[in-house]
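Residue numbers (the numbering used here): 2 to 390.
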């Protein structure tokens with residue numbers, strides 16, 4: 002009986018908090034202008050910020066590209082994932098490197114890239130990834146990224162560790178420049194003079210030789226090196242929508258669609274003006290969000306009567322911890338595109354309307370104490386994406 006009571010109270014709490022948020026925190030787009038000018042986010046007592054103005058984060062310039070990053074060091078709630086925005090001019094390369102503490106899941110926002118991945122068996126995969134495509138690199142595997150033009154490549158890297166920092170990346174030039182010369186001589190079979198021609202510090206991003214050959218003309222130095230069979234790249238933009246309603250779509254790349262990405266998943270969400278991704282939660286994963294186009298409102302329910310409302314603009318990042326109730330809504334008069342990443346390859350979502358319609362009327366009547374007429378209007382079917390009412 003006690004467990005049943007907690008279930009009812011939990012259900013009622015989720016709905017009540019979101020109703021209160023909608024009524025008091027964000028009455029309408031017109032009334033929100035003052036709120037927007039005062040602060041990018043409104044949050045309840047003892048709650049962290051669930052959004053971060055990544056669009057305003059300064060860029061770090063390199064010879065051939067730029068970067069900026071977001072993680073627990075500037076966005077404390079994002080404990081399970083960190084992100085890096087990076088660009089590469091045609092012919093620029095993010096040098097050979099690996100990550101000791103996180104896998105890398107990436108999405109190409111614009112332009113074209115070429116990735117080279119080497120696994121612990123010495124096998125290689127070389128692939129071109131264009132706009133709307135993604136790649137997944139397991140933790141510790143060696144890789145590099147090239148911009149292959151014609152324009153600048155822009156992409157997001159998401160890592161399944163919120164403490165991840167690009168500064169802690171293991172780069173090949175950083176390693177060799179901090180290894181005794183005699184050891185590098187022995188490793189390569191070179192003379193001291195030859196070793197001393199190597200870079201004296203980390204290259205990171207370079208555009209030393211901007212010529213990029215076609216993919217079919219690109220091969221390993223040793224052509225006998227075997228290839229990785231399982232694809233570690235995927236075209237998310239080309240995926241058939243998991244759900245589609247009135248121009249609103251959700252495309253998914255979980256481990257089912259992209260088997261290599263066994264512990265991370267991603268989605269592309271498009272919402273027309275005023276539309277929303279219905280109230281829901283993810284029982285097995287945190288949710289990391291990046292606004293590709295438009296602006297959105299993010300509502301988060303954190304239990305114990307605590308709730309938050311945030312407004313995110315293009316280029317901003319949102320985060321919802323595992324199990325927290327939340328919803329997304331297009332707050333603009335333009336289509337909204339959001340990249341969503343999960344730190345689990347198995348996509349799981351419990352949607353509020355599914356939860357309600359799966360329960361008997363007697364249970365719902367006890368919880369909501371509604372008139373028979375209003376009780377009958379509770380959802381009997383569920384749409385993940387709900388158009389403007």
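Think of the CB as a built atom: it goes at the ideal place given N, C-alpha and C, for glycine as much as any other residue.
From this set, 75, 66 and 68, which residue's C-alpha is nearest residue 54's C-alpha?
The residue among 75, 66 and 68 with its C-alpha nearest the C-alpha of residue 54 is 75.
Of all the alpha helix (DSSP H) runs that stay within the bounds of the region 74 to 120, which reach a length of 4 or more residues?
none
Complete runs of the alpha helix (DSSP H) confined to the region 223 to 270 [at least 4 residues]
none
Taking its Cβ as the centre, do 16 or more other Cβ atoms sit within 10 Å of residue 247, making it buried, or is it exposed?
exposed
For the putative contact between residue 71 and residue 50, defined by C-beta atoms under 8 Å, what is the C-beta separation to the nearest angstrom?
Contact flag wrong, Cβ pair sits at about 12 Å.
Is the number of C-beta pairs between the region 128 to 138 and the region 109 to 118 that are closer than 8 Å three or more?
yes
Quick test of the definition: if touching needs 3 or more C-beta pairs under 8 Å, does the region 186 to 205 touch the region 219 to 231?
Two segments are said to touch when three or more pairs of C-beta atoms, one from each, lie closer than 8 Å; by this definition the region 186 to 205 does not touch the region 219 to 231.
Hey, would you say residue 391 sits closer than 7 Å to residue 269, going by beta carbons?
As shown, the chain starts at 2 and ends at 390. That puts residue 391 outside it, with no answer to give.
Nonlocal neighbours in the same chain, by C-beta distance under 8 Å from residue 178, ignoring five residues either side:
199, 200, 201, 202 and 203
Under three-state DSSP, which class holds residue 68?
Of the three classes helix, strand and coil, the one that applies to residue 68 here is strand, per DSSP.
Identified DSSP bridge partners for residue 147:
Under DSSP, the beta-bridge partners assigned to residue 147 are 94 and 115.
Coarse secondary structure for residue 195, derived from DSSP in three states
helix
Looking only at its chain, what residues have a beta carbon closer than 7 Å to the beta carbon of residue 314, apart from the 5 residues adjacent to it on each side?
56, 292 and 296
Which word fits residue 7, buried or exposed, when buried means at least 16 other C-beta atoms lie within 10 angstroms of its C-beta?
Low per-residue confidence applies at residue 7: pLDDT is 46, beneath 50, and the placement is therefore not dependable, though the value from the model is reported in the following sentence. Label assigned to residue 7: exposed.
Cβ-based neighbour list, residue 374, same chain, cut-off 7 Å, excluding 5 preceding and 5 following
none
Apply the 10 Å Cβ neighbour rule to residue 190 and answer buried if 16 or more other Cβ atoms are within range, or exposed otherwise.
exposed
Mind pulling the beta strand (DSSP E) runs of 3 or more residues that sit fully within the region 264 to 308?
266 to 272, 277 to 282, 288 to 294 and 297 to 302
With 16 other CB atoms within 10 Å as the buried threshold, where does residue 139 fall?
buried
If I measure Cβ to Cβ from residue 366 and keep anything under 8 Å in the same chain, skipping five residues before and after, which residues do I get?
376
Whole angstroms is fine: what's the gap from residue 92's alpha carbon to residue 146's?
10 Å
What does the Cβ neighbour count give for residue 1, buried or exposed, with the cut at 16 atoms within 10 Å?
Beyond the ends of the chain as shown, which are 2 and 390, falls residue 1; an answer cannot be given.
Cα separation between residue 354 and residue 380?
6 Å
Is the beta carbon of residue 259 closer than 7 Å to that of residue 235?
yes
Span of the alpha helix (DSSP H) around residue 377
From DSSP, the alpha helix (DSSP H) with residue 377 extends over 373 to 377.
Distance CB(residue 345)-CB(residue 383) smaller than 7 Å:
no
8 Å contact criterion, which residue 153 and residue 123 should meet: CB distance rounded
That belief does not hold up - the Cβ atoms of residue 153 and residue 123 are roughly 33 Å apart, past 8 Å.
Starting from residue 333, follow its DSSP beta bridges and name the residues at the other end.
Per DSSP, none; premise fails for residue 333.
Beta-carbon contacts of residue 335 that lie in its chain and below 6 Å, excluding the five residues immediately before and after:
295
Could you check which residue in 109, 165 and 317 has the C-alpha nearest to that of residue 149?
109
Return the first residue and the last residue of the alpha helix (DSSP H) that residue 185 is part of.
For residue 185, the uninterrupted alpha helix (DSSP H) run begins and ends at 182 to 189, by DSSP.
Give the secondary structure of residue 338 by DSSP, where H, G and I count as helix, E and B as strand, and everything else as coil.
strand
Separation of residue 328 from residue 255, as counted between CA atoms
Roughly 20 Å separates the two Cα atoms.
What is the DSSP secondary structure of residue 135, counted as helix, strand or coil?
strand
Would you mind stating whether residue 85 and residue 58 have Cβ atoms separated by less than 7 Å?
Between residue 85 and residue 58, the C-beta spacing is not below 7 Å.
Is it buried or exposed for residue 168, if we count other Cβ within 10 angstroms and need 16 for buried?
Counting C-beta atoms within 10 angstroms of its own C-beta, residue 168 has fewer than 16 neighbours from the protein chains shown and is therefore classed as exposed.
Please state if the CB of residue 249 and the CB of residue 272 are separated by a distance shorter than 7 Å.
Yes, they are a contact pair.
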